[in-house]
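Undergrad:
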Amino acid sequence: MRVTVRLFARLRDITGASELGRDVAPDATIRSVWRQLVAEFPDLRDYERSISSAVNADYARMDQKVSDGDEVAFLPPVSGG
Amino acid sequence: MTPLLAIGPAPLALEPIVAAVTESRGDGRGTDGAVAVFLGTVRNHNVGRSVSYLVYEAFEPLALRSFERISTEVTAKWPGVNLAVHHRTGRLEIGEASVVIAAASAHRADAFSACRYTIERVKQIAPIWKREFFEGGDVWIEGATADPDDEVARAKAERAACA
Chain A
-12 MRVTVRLFAR LRDITGASEL GRDVAPDATI RSVWRQLVAE FPDLRDYERS ISSAVNADYA
48 RMDQKVSDGD EVAFLPPVSG G
Chain B
229 MTPLLAIGPA PLALEPIVAA VTESRGDGRG TDGAVAVFLG TVRNHNVGRS VSYLVYEAFE
289 PLALRSFERI STEVTAKWPG VNLAVHHRTG RLEIGEASVV IAAASAHRAD AFSACRYTIE
349 RVKQIAPIWK REFFEGGDVW IEGATADPDD EVARAKAERA ACA
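Chains A and B, in that order, give the protein sequences. Per our numbering, the first sequence starts with residue -12, numbered consecutively. Per our numbering, the second sequence starts with residue 229, numbered consecutively.
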């Protein structure tokens, strides 16, 4: 199945893209999508412990399963205000 | 009609936001005795750096949902408060407002508390990032790991608000 990955701020700078389409395993979780990205872009590894994630624009835990067509977002630590 | 919760590139104007927060009361219109307002503005210095300007980026649909969540938290804690949160994105010059929060209430204590709580929560959980451009370079500012279910962070915001 296929998901759309959204990346923001420095994560986008590291990957060079704000949006990436990726094929993932049928039992993929947010974490496995992240690990797949880290394998592709090793500099992302620094963010392993500090990212948040969202599925279809709603905060979600890293162990949540993803579905075909989902938009999976990875968020570095926030700094609004 | 100005919405209560918004995020986008347009410059922030205070008066329409204050009007929105007091006039969206329905039958309760006229019941407010206080509106506390917070403006976050772009500072010309940060940790010893001379700041030229900031660029804000947001995951807008999730930012709006975060504002909705904060508004629900505020209403649970201070039932009479009506809240507005507007955050700006894009390039902001020194002195410009990046965020406006307005909290309307019958009495000032709840309005001040709700306003303070809201800015703390925006900084904790809204998916918004600032990129600082300073003399000699630029850097993404990274603050809190956003976790809306983190009760320790929420309690910290509450303590800041009630101190």
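The beta carbon of each residue, even a glycine, is placed where N, CA and C say it ideally should be.
1. Spell out whether any CB of chain A is found under 8 Å from the CB atom of B:Pro237.
2. Taking 8 Å as the CB-CB cut-off, is B:Thr373 touching chain A?
3. Are B:Ala241 and B:Phe295 closer than 8 Å when you measure CB to CB?
4. When DSSP labels each residue in this structure, what does B:Thr276 get in the three-state scheme?
5. Can you list, in chain order, the residues of its chain whose CB lies under 8 Å from that of A:Glu6, leaving out five sequence neighbours each side?
6. I believe B:Ala339 touches B:Val302 by the beta-carbon criterion, under 8 Å. Please report the beta-carbon distance rounded to the nearest angstrom.
7. Am I right that B:Val283 and B:Ile322 are in contact with their C-beta atoms under 8 Å? What's the rounded C-beta distance?
8. Just mark B:Ser341 as buried or exposed, buried being the case when its beta carbon has 16 or more other beta carbons within 10 Å.
9. Tell me, to the nearest whole angstrom, how far the beta carbon of B:Ala372 is from that of B:Gln352; I am working on the premise that it is less than 8 Å.
10. Do the stretch 249 to 261 of chain B and the stretch 30 to 39 of chain A meet, that is, are 3 or more Cβ pairs less than 8 Å apart?
11. Can you list, in chain order, the residues of the stretch -12 to 10 of chain A whose Cβ is nearer than 8 Å to any Cβ on chain D?
TA: So, from the data block:
1. For B:Pro237, the answer is no, since every Cβ of chain A falls outside 8 Å of its Cβ.
2. Under the Cβ distance rule, B:Thr373 counts among the residues neighbouring chain A, one pair being separated by less than 8 Å.
3. No, the Cβ-Cβ distance between B:Ala241 and B:Phe295 is not below 8 Å.
4. The residue asked about is misnamed: residue 276 of chain B is Gly in this sequence, not Thr. Coil at B:Gly276, not helix or strand.
5. Cβ neighbours of A:Glu6 within its own chain (closer than 8 Å, five residues either side excluded): Thr(-9), Val(-8), Arg(-7), Leu(-6).
6. Not a contact, Cβ separation roughly 11 Å.
7. About 13 Å separates the two Cβ atoms, so there is no contact after all.
8. Looking at its Cβ environment, which holds 16 or more other Cβ atoms inside 10 Å, B:Ser341 is buried.
9. Contact check for B:Ala372 and B:Gln352: beta-carbon distance about 5 Å, within the 8 Å limit, so the pair qualifies.
10. The stretch 249 to 261 of chain B makes no contact with the stretch 30 to 39 of chain A: fewer than 3 CB pairs, one atom from each, lie closer than 8 Å.
11. Reference to chain D is not applicable here, since the protein chains of this structure are A and B.
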